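Reading through the structure tokens given below for one structure.
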Amino acid sequence: MRVSVNDLHREPLGRVTIDENARPGSVALEGSDRRIDLQWEGALDDRGRLRRCPVCGCREIFKRYDFPQRLGLALVIATAAGAVLLLFLWQVIWAMLLLLAAVVVDRIIYVFTGQCLVCYRCRSEFRDLVIDETHEPWDLAIGEKYRPIRQIEAAKSQEQCTHA
Ligand SMILES: [Zn+2]
């Protein structure tokens with residue numbers, strides 16, 4: 004499998020290709036002398052499916068479409084802005100056609116884009132491995148458990164400011 008490795012602060016460290024059948028204890032990042040340790044205890048089930056993050060040992064992973072999230076978000080915002088503008092100009096049919104085109108593009112991306120697995124904690128991404136219906140998509144409740152400490156502290160200080 005190919006892995007985009009992040010540290011526990013979710014900062015990218017590099018990429019690495021791992022032979023999961025060999026379960027190496029450590030691997031060198033591509034184009035770097037740096038090595039990372041891997042934890043294989045419970046990482047793969049008996050059918051070789053990834054169940055835990057071997058990078059940080061987190062028990063929870065989710066699957067997502069392997070499409071740049073920022074590009075996806077930009078498409079949604081551009082479509083919404085375009086539709087609002089067209090409605091403002093009373094171009095209802097063009098607004099509807101734009102929304103319909105966005106749905107078609109979304110379906111095309113859905114059909115042609117592969118999936119990857121992502122660790123909830125470190126956000127390392129795993130590609131070229133078995134991904135099936137036993138892997139769950141993103142779950143907000145689980146995601147909240149692994150919200151970075153920095154974000155939690157920022158939210159708390161904001162709360163204190165509004166209460167002051
Ligand atoms: Zn992880």
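Residue numbering for the sequence shown follows the working numbering, beginning at 4 and increasing consecutively.
Cβ atoms here follow ideal geometry from the backbone N, Cα and C, with glycine treated the same way.
Given the structure is predicted, the values throughout are model-derived calculations rather than measurements.
Selection 68, 22 and 60 evaluated against residue 111 yields 68 as nearest (Cα-Cα).
Around residue 126, the same chain offers 9 and 13 as residues with beta carbons nearer than 7 Å, after the five sequence neighbours per side are excluded.
Distances from the CB of residue 5 to the heavy atoms of ligand 1 are all 7 Å or more. In chain order, 8, 9, 10, 32, 37 and 39 place their CB closer than 8 Å to the CB of residue 16, counting only its own chain and leaving out the 5 sequence neighbours on each side.
Boundaries of the beta strand (DSSP E) around residue 19: 15-20. Secondary structure of residue 128 (DSSP, three-state): strand.
Within the model, the alpha-carbon separation for residue 50 versus residue 135 is close to 11 Å. Membership of residue 143 in the alpha helix (DSSP H) is indicated by the continuous run 143-148. Residue state for residue 62 is assigned as coil, using DSSP reduced to three classes. The closest heavy atom of ligand 1 lies 7 Å or more from the beta carbon of residue 30.
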